[in-house]
Amino acid sequence: MSNAEKMMAMMGYKEGTGLGKTKQGMVEPVALSTQRGRVGLGHNITKTIGRDFLETWDESKEDKTIEEHVRWMAKCPESTRDWVLDYLEGSEWIEIGEKKLSIDDETSFCDGEILRKMLQSKNVFDVVPDRDLREARARANPYETIGAAFFQNRAAMKVANLDRTFGFIFSGETEEKLLNKNPLKSERPTNNCDRETPLFYFADVCAGPGGFSEYMLWRKAFYNVKGFGFTLKGKDDFKLGKFTASSAHYFEPYYGKEGDGDVTKPDNINSLEEFIMRGTNDVGVDLMMADGGFSVEGQENIQEILSKRIYLCQLLVSLCIVREGGVFFCKLFDLFTPFSVGLIYLMYIAYDQISLHKPHTSRPANSERYIVCKGLRKNYSDAVRDYLKRVNVQLDEFAKAGSSKDVLSVVPLETLRSDEEFFNYIVEHNERLAERQCTYLQKYLSFAKNSSLIDKDQGILREDCLKHWLVPNKTLDRRERGAERQQIDPDQYFGRFTRKFYGREDFSARLPPFDATMLSERTVKELRYAEFSLNILSNRASTQPELLISTGDAVFVWRKHWEKMENSLMRIPDRTVLLVERATTYKLVDNKRLETVAVDGLVRILDAAVLNGDDVSGLLYSKRMAAAQKFCQALKLIVPKVRLGWGNHERYVVPPQLIVAGVYSFDQLAQVRRKFSRVRHSGEEVLIYEENGHLIMCKAIRVARLLKEAWKMGWSCSRSMKYAFCPQRPEHSYFEPQWEEHECCSSFWESAMPSKKTSKHVPMQCIWSWENSLLDNYGPRVILENDSHKSGATVNSVLREVAETDEQCGKSVAA
168 MSNAEKMMAM MGYKEGTGLG KTKQGMVEPV ALSTQRGRVG LGHNITKTIG
218 RDFLETWDES KEDKTIEEHV RWMAKCPEST RDWVLDYLEG SEWIEIGEKK
268 LSIDDETSFC DGEILRKMLQ SKNVFDVVPD RDLREARARA NPYETIGAAF
318 FQNRAAMKVA NLDRTFGFIF SGETEEKLLN KNPLKSERPT NNCDRETPLF
368 YFADVCAGPG GFSEYMLWRK AFYNVKGFGF TLKGKDDFKL GKFTASSAHY
418 FEPYYGKEGD GDVTKPDNIN SLEEFIMRGT NDVGVDLMMA DGGFSVEGQE
468 NIQEILSKRI YLCQLLVSLC IVREGGVFFC KLFDLFTPFS VGLIYLMYIA
518 YDQISLHKPH TSRPANSERY IVCKGLRKNY SDAVRDYLKR VNVQLDEFAK
568 AGSSKDVLSV VPLETLRSDE EFFNYIVEHN ERLAERQCTY LQKYLSFAKN
618 SSLIDKDQGI LREDCLKHWL VPNKTLDRRE RGAERQQIDP DQYFGRFTRK
668 FYGREDFSAR LPPFDATMLS ERTVKELRYA EFSLNILSNR ASTQPELLIS
718 TGDAVFVWRK HWEKMENSLM RIPDRTVLLV ERATTYKLVD NKRLETVAVD
768 GLVRILDAAV LNGDDVSGLL YSKRMAAAQK FCQALKLIVP KVRLGWGNHE
818 RYVVPPQLIV AGVYSFDQLA QVRRKFSRVR HSGEEVLIYE ENGHLIMCKA
868 IRVARLLKEA WKMGWSCSRS MKYAFCPQRP EHSYFEPQWE EHECCSSFWE
918 SAMPSKKTSK HVPMQCIWSW ENSLLDNYGP RVILENDSHK SGATVNSVLR
968 EVAETDEQCG KSVAA
């Protein structure tokens with residue numbers, strides 16, 4: 168017996184009894200603390216659960232994988248599609264009855280016992296405090312630490328997960344192209360292998376703040392994509408300022424005719440359809456994504472019933488705006504009611520094939536899952552679209568009237584059951600997900616009881632999943648989101664994108680005037696006129712084309728100093744270097760008088776060096792301008808205004824429109840001449856013409872060389888093709904497809920940069936002034952109509968030189 172025990176015995180203590188005069192002291196050992204965080208005295212909690220540090224979890228109940236297995240539903244037979252369409256013309260399939268507020272008896276598409284077990288498992292929301300449940304989920308969900316990666320929220324990673332799982336059918340990519348554009352080890356996209364592919368269009372519906380869109384813009388990279396957004400205006404709006412993985416300028420939000428972004432309103436759906444068709448030349452989008460949902464706290468068991476109209480309208484919008492053969496995916500929740508399953512059946516009719524899938528990034532204890540539809544069939548989808556529009560109008564009438572009536576189903580239950588392939592797929596899917604959901608709800612409960620439990624696979628699963636999905640394993644500190652938009656001195660761009668150093672003075676030299684001898688002083692067999700490209704200029708010849716640089720936060724234009732412009736107005740993505748002209752637009756009143764529409768309302772691209780990080784400076788001029796055209800198409804606003812500010816400070820402004828200037832050659836001057844009209848303006852005769860739907864003046868022509876100084880152009884009569892040759896190396900001649908490889912063509916930096924040095928060579932760039940001259944009467948009328956003039960070239964004199972050159976080179980004979 169220890170000394171302490173002897174002392175206690177002397178005071179009357181007996182083993183197994185409590186201390187105190189009447190043995191009232193506690194006998195059991197002091198329990199471990201069950202304190203929950205910083206919760207203290209006075210905290211009132213309505214949900215209680217006891218701590219149990221002996222609680223364990225059996226991990227054998229889980230199936231933790233990296234790759235996911237996709238279960239496609241069998242294709243609907245054509246005969247079934249045709250049969251269903253006959254019934255959709257009327258409204259006899261629309262079943263109306265009293266609203267239901269319970270799904271306990273919805274056992275048509277799930278075993279009753281499994282459904283009851285799942286609903287009972289959801290009682291965890293009633294017994295575990297919200298904070299404890301969130302903490303338990305963070306430790307219990309094996310995929311929780313994947314988080315948002317370097318995107319603004321977790322939604323972006325759901326699309327990354329689904330895109331990879333379904334073989335990149337969402338983004339239309341291949342693994343090779345993805346890694347070319349977005350290497351796993353690189354901070355920035357590097358190689359734009361999609362430069363010459365058509366623009367990819369997507370729509371993001373019910374998707375604020377925009378994680379889905381941010382992923383798609385990043386995945387497609389550069390200027391290969393144009394996105395349209397539709398979501399509730401206000402606190403759930405798109406957070407374009409948080410798009411850090413790519414530029415938000417390729418994304419255009421729209422809020423419908425009602426201006427509120429409510430997808431359930433029939434007028435909003437119709438106006439959204441019109442908006443998308445205007446933006447895609449009446450084709451539709453390649454991909455539509457939908458992520459609609461709202462808080463159902465306290466009503467988790469009837470989330471499906473509460474969400475039925477969002478289900479309907481999201482699926483309906485896809486039938487309105489997805490192109491033939493396009494892809495659609497949408498977030499759903501439980502699918503136990505005939506109404507929900509009927510909607511899935513109609514997608515089964517309208518699309519070539521559908522799948523229901525719950526990705527790893529969707530938390531396993533919730534009811535969330537996604538419907539993926541590929542291959543829209545317009546010959547069937549239009550009828551389904553019209554039918555669902557009628558259903559939505561009926562629901563809208565019930566909602567406005569406050570009626571207790573509801574649409575209970577859109578496809579008869581016997582029809583759903585009679586299609587065995589479809590019915591069995593739905594039942595198997597529902598039961599599999601319900602059982603998995605029960606497992607993880609039980610896991611959450613165990614982890615809430617024992618706060619020392621943690622899923623030890625979270626770290627390795629994050630690393631392996633990101634690698635499998637081809638997403639860089641990095642995060643973006645929210646405190647560094649502002650720093651991500653680097654404020655770069657525009658002078659730094661010269662070192663980044665040029666092969667040699669250029670200083671500011673290189674951009675201040677005045678361009679030389681065009682001289683007709685540039686065309687006549689040629690060697691035998693030289694197709695001299697074809698060595699130049701022409702751009703019409705709307706400003707005076709003395710006004711130089713400007714170098715424009717976008718650094719993300721701002722756009723700078725060189726005018727013998729860097730002039731800063733707000734990028735919120737210019738809307739030009741960062742890492743962009745262009746040669747531009749700012750042009751004033753006009754409108755013609757009464758066919759004789761010009762009125763100004765917008766001063767500097769156009770930014771016309773004359774040449775491009777870098778487009779959102781895509782270095783095109785070494786390409787053929789025609790390819791540089793084609794890339795610039797795609798760049799402008801991706802940036803073009805369907806509604807040409809942008810919103811600045813929020814709430815009471817909200818205002819709309821019309822930003823300058825970025826367009827590509829027309830490119831011509833000397834042998835096209837006859838066609839160019841027909842584009843012009845002559846009008847009186849400010850006391851003189853001026854030329855006006857229409858470009859990209861805008862009326863602008865013509866005051867000069869920019870002439871730029873297509874080949875390097877040492878190279879000349881010839882004509883191959885045998886192949887009827889232009890070729891480049893170097894007089895110093897007569898054995899070397901190359902046809903146009905080989906010019907880039909052999910560095911025959913002039914780069915942006917060579918052709919767009921003025922030079923102060925005098926040279927016996929033809930200048931790389933010069934200006935042909937078309938302004939009125941009071942001294943010698945040289946001006947627009949003379950240039951267009953006269954055969955020649957002592958003060959300069961005319962269209963007719965140039966065309967004669969072209970004809971003579973063609974004859975000498977044998978081109979006219981070949982033609």
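When we follow the working numbering, the leftmost residue of the sequence shown carries the number 168, and every step to the right adds one.
Here a beta-carbon is modelled for each residue, glycine too, at the ideal position from N, C-alpha and C.
Please read all numbers here as calculations on a predicted model, not as lab measurements.
Residue from the options with nearest C-alpha to residue i
| i | options | result |
| --- | --- | --- |
| residue 822 | 738, 575, 883, 907 | 738 |
| residue 748 | 863, 331, 250, 961 | 863 |
| residue 776 | 717, 763, 806 | 717 |
| residue 699 | 446, 875, 235, 238 | 875 |
| residue 935 | 622, 683, 573 | 683 |
| residue 514 | 495, 736, 501 | 495 |
| residue 507 | 486, 896, 469, 570 | 469 |
| residue 993 | 342, 629, 550 | Nothing can be reported for residue 993, as the shown portion of the chain is limited to 168 through 982. |
| residue 531 | 557, 188, 500 | 500 |
| residue 587 | 357, 240, 616 | 240 |
| residue 284 | 392, 370, 599, 765 | 599 |
| residue 334 | 411, 236, 286 | 236 |
| residue 905 | 838, 477, 889 | 889 |
| residue 254 | 805, 582, 375 | 582 |
| residue 755 | 773, 658, 855 | 855 |
| residue 406 | 426, 520, 393, 380 | 380 |
| residue 751 | 740, 743, 343, 766 | 766 |
Residues that DSSP places opposite residue i in a beta bridge
| i | result |
| --- | --- |
| residue 265 | 572 |
| residue 883 | 888 |
| residue 770 | 749, 825 |
| residue 870 | 701, 933 |
| residue 729 | 725 |
| residue 524 | 537 |
| residue 912 | 874 |
| residue 543 | 518 |
| residue 420 | 396 |
Cβ pair residue i, residue j closer than 8 Å
| i | j | result |
| --- | --- | --- |
| residue 632 | residue 310 | yes |
| residue 608 | residue 295 | no |
| residue 785 | residue 918 | no |
| residue 872 | residue 929 | yes |
| residue 320 | residue 636 | no |
| residue 761 | residue 861 | no |
| residue 498 | residue 537 | yes |
| residue 880 | residue 708 | no |
| residue 491 | residue 543 | yes |
| residue 701 | residue 833 | yes |
| residue 431 | residue 368 | no |
| residue 288 | residue 605 | yes |
| residue 547 | residue 801 | no |
| residue 820 | residue 808 | yes |
| residue 705 | residue 866 | yes |
| residue 958 | residue 979 | no |
| residue 326 | residue 317 | no |
Cβ-heavy atom distance, residue i to the ligand SAM, below 7 Å
| i | result |
| --- | --- |
| residue 542 | With respect to the ligand SAM, the structure shown offers nothing to examine, as it has no ligands at all. |
Quiz item: Hey, which unbroken runs of the alpha helix (DSSP H) at 4 residues or more fall wholly within the stretch 683 to 723?
Solution: Listed in chain order, they are 684 to 687.
Quiz item: Do the stretch 513 to 531 and the stretch 298 to 310 touch if we need at least three Cβ pairs shorter than 8 Å?
Solution: Yes, the stretch 513 to 531 touches the stretch 298 to 310.
Quiz item: What residue ranges within the stretch 784 to 865 form continuous beta strand (DSSP E) runs of no fewer than 3 residues, ordered along the chain?
Solution: Complete beta strand (DSSP E) runs here, min 3: 809 to 811, 818 to 820, 824 to 827, 844 to 848, 851 to 858, 861 to 865.
Practice problem: Evaluate contact between the stretch 414 to 429 and the stretch 384 to 400, counting only Cβ atoms and requiring at least three cross-stretch pairs below 8 Å. | Solution: Taking 8 Å as the limit for Cβ pairs, the verdict is that the stretch 384 to 400 does touch the stretch 414 to 429.
Quiz item: Quick check: the stretch 778 to 798 against the stretch 891 to 899, are there 3 or more CB pairs under 8 Å?
Solution: No: fewer than three Cβ pairs fall under 8 Å.
Quiz item: With contact counted as at least three CB pairs below 8 Å, one residue from each stretch, are the stretch 359 to 368 and the stretch 471 to 479 in contact?
Solution: Too few Cβ pairs lie closer than 8 Å, so no.
Quiz item: Do three or more CB pairs link the stretch 394 to 407 to the stretch 440 to 459 at distances below 8 Å?
Solution: In short, these stretches touch, since the Cβ pair count reaches three.
Quiz item: Counting Cβ pairs, one atom from each stretch, are 3 or more of them under 8 Å apart for the stretch 272 to 290 and the stretch 586 to 598?
Solution: Segments in contact, yes.
Quiz item: On the three-pair Cβ rule with 8 Å, is the stretch 542 to 554 touching the stretch 481 to 495?
Solution: Cβ pair count under 8 Å is three or more, so yes.
Quiz item: Would the stretch 237 to 249 and the stretch 558 to 566 be scored as touching if the rule is three or more Cβ pairs under 8 Å?
Solution: Segments in contact, no.
Quiz prompt | Contact the stretch 762 to 771 vs the stretch 339 to 358: 3+ CB pairs below 8 Å | solution = At 8 Å Cβ cutoff, the stretches do not touch.
Quiz item: Can you give, in chain order, each stretch of the beta strand (DSSP E) that sits fully within the stretch 332 to 399 and has at least 3 residues?
Solution: For secondary structure counted as the beta strand (DSSP E) over 3 or more consecutive residues, the stretch 332 to 399 holds these complete runs in sequence order: 367 to 372, 392 to 397.
Quiz item: Residue ranges of each alpha helix (DSSP H) run of no fewer than 4 residues wholly in the stretch 257 to 307, ordered along the chain?
Solution: Here the runs fully enclosed are 279 to 288, 291 to 294, 297 to 307.
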